[in-house]
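Heads up: the sequence shown runs through residues 375 to 599, numbered per the numbering used here.
Built from N, CA and C at the ideal position, the CB exists for glycine as well.
Note that the structure is a prediction, hence the values are computed from the model and not measured.
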Amino acid sequence: MAGVSREDVWAVADRLVSEGKRPTLALVRSALGGGSYSTIHPAFIAWRQERSEKVALPTDKAPAGVVDRVNALVSVIWQQATDDAAARFDGERRALQGAADKASQRADEVDEALAQCAEELDRANERTDQAEKTLSQVRIDMGALAQELAEAKQFGAAQAAAKTEAEAWIADLRVQLDQARSDAARAREEAMSVRLELAEVSGQLGAAKATNADLLAKLTPNKKG
375 MAGVSREDVW AVADRLVSEG KRPTLALVRS ALGGGSYSTI HPAFIAWRQE RSEKVALPTD
435 KAPAGVVDRV NALVSVIWQQ ATDDAAARFD GERRALQGAA DKASQRADEV DEALAQCAEE
495 LDRANERTDQ AEKTLSQVRI DMGALAQELA EAKQFGAAQA AAKTEAEAWI ADLRVQLDQA
555 RSDAARAREE AMSVRLELAE VSGQLGAAKA TNADLLAKLT PNKKG
């Protein structure tokens, strides 16, 4: 119990006496509701001394034997109280020491756990930094891929347009080729017709020449007669 004063100890001891009880260090501490023996003990000793002085100074002088017996009784009581206090104090000291040792051990465990947590946090931060770097690089790569895809789409569109244009040009060439083939066939037919006509004309010309020669041959003797 914190804040136990000398007056508190004396008041409790006097109250115990008024109740017909013999105050002891343990009884006073219990009546106070707790507290440190190192705090209560000096005040209790002072109260005992004060009470002993009051008992030792009566109005009528007591016989020497009575005084001796009282002093002996006080000494016995004092020794008993001291022994009780020492035993209790030693027990509490050991209990407190055990609690302190456990608390120290627990503090060491907590420190170790905190150190491990700090290490885990550092590793987690490192992983987070690495993940952020990787994410940043992925974003850059995605941007580059998007640009390449856009360029590929543009190139594909250009290729498609070129293909369409080439196909149209080839189709036109095929039409022109078909027309040329048709024209060539027609020209060959016309040439054949011309050759036939030429052959016919040549035959006619040959026949005419032969006829003309015959006529000339017939006309020549007549001129001589």
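Per-residue DSSP class, three states only, for Lys395: Walking along the sequence shown from the start, residue 395 turns up at place 21. In this structure, Lys395 counts as coil in the three-state DSSP scheme.
Leu399 beta carbon less than 8 Å from that of Asp458: If you number the sequence shown from 1, residue 458 lands on position 84. If you number the sequence shown from 1, residue 399 lands on position 25. Contact check for Asp458 against Leu399 passes: the beta carbons are separated by less than 8 Å.
Helix, strand or coil at Val549 according to DSSP, with G and I counted as helix: Taking the sequence shown and counting its residues from 1, the one referred to as residue 549 is at position 175. The answer is helix: DSSP assigns Val549 an H, G or I state.
CB contact flag (Gly409, Val386, <8 Å): The count along the sequence shown starts at 1 and reaches residue 409 at position 35. The count along the sequence shown starts at 1 and reaches residue 386 at position 12. No, the pair does not count as a contact, with Cβ atoms beyond the cut-off.
Cβ neighbour criterion (16 or more within 10 Å) applied to Arg403: To locate residue 403, count along the sequence shown from 1; it is residue 29. Here Arg403 is buried. Its C-beta has 16 or more other C-beta atoms within 10 Å.
Rounded separation between Glu574 and Arg548 - CA only: As a working note, residue 574 is residue 200 in the sequence shown. As a working note, residue 548 is residue 174 in the sequence shown. Taking the straight line joining both Cα atoms gives about 38 Å.
C-alpha gap between Ala531 and Leu551, whole angstroms: Looking up residue 531 in the sequence shown gives position 157. Looking up residue 551 in the sequence shown gives position 177. Cα to Cα, the separation comes out at about 30 Å.
Start-end ranges of the beta strand (DSSP E) lying completely within the stretch 497 to 556, minimum 3 residues: Fully enclosed beta strand (DSSP E) runs of 3 or longer: not present.
Test item: CB-CB of Val417 and Arg380 under 8 Å: In the sequence shown, counting from the first residue as 1, residue 417 sits at position 43. In the sequence shown, counting from the first residue as 1, residue 380 sits at position 6. Per the sequence presented here, residue 417 reads as Ala, with Val not at that position. The Cβ atoms of Ala417 and Arg380 lie closer than 8 Å to each other.
Which of helix, strand or coil DSSP assigns to Gly580: Within the sequence shown, the letter at position 206 stands for residue 580. Annotated three-state conformation of Gly580 is helix, per DSSP.
Local conformation of Gly465 per DSSP, three classes: Walking along the sequence shown from the start, residue 465 turns up at place 91. In this structure, Gly465 counts as helix in the three-state DSSP scheme.
Nearest candidate by alpha-carbon position, reference Val601, set Lys476, Ile419, Gln471, Gly472: With the chain covering only 375 through 599, there is no way to say anything about residue 601.
Short CB-CB distance (under 8 Å) between Ala561 and chain C: Judged by its chain identifiers, the structure shown contains no chain C, having just a single protein chain.
DSSP three-state assignment for Val378, whether helix, strand or coil: As a working mapping, residue 378 is identified with position 4 in the sequence shown. It is coil, neither helix nor strand.
C-beta atoms of Gln452 and Trp421 nearer than 8 Å: Locating residue 452 in the sequence shown gives position 78, where the first residue counts as 1. Locating residue 421 in the sequence shown gives position 47, where the first residue counts as 1. A small fix is needed here, since residue 452 is Trp in this sequence, not Gln. No, Cβ-Cβ distance for Trp452 and Trp421 is not below 8 Å.
Simplified DSSP assignment, three categories, for Ser449: Your numbering for residue 449 matches position 75 in the sequence shown. Of the three classes helix, strand and coil, the one that applies to Ser449 here is helix, per DSSP.
Assigned secondary structure, Ser426 (DSSP; H/G/I helix, E/B strand, else coil): Locating residue 426 in the sequence shown gives position 52, where the first residue counts as 1. In the structure shown, Ser426 sits in a helix (DSSP, three-state: H, G or I).
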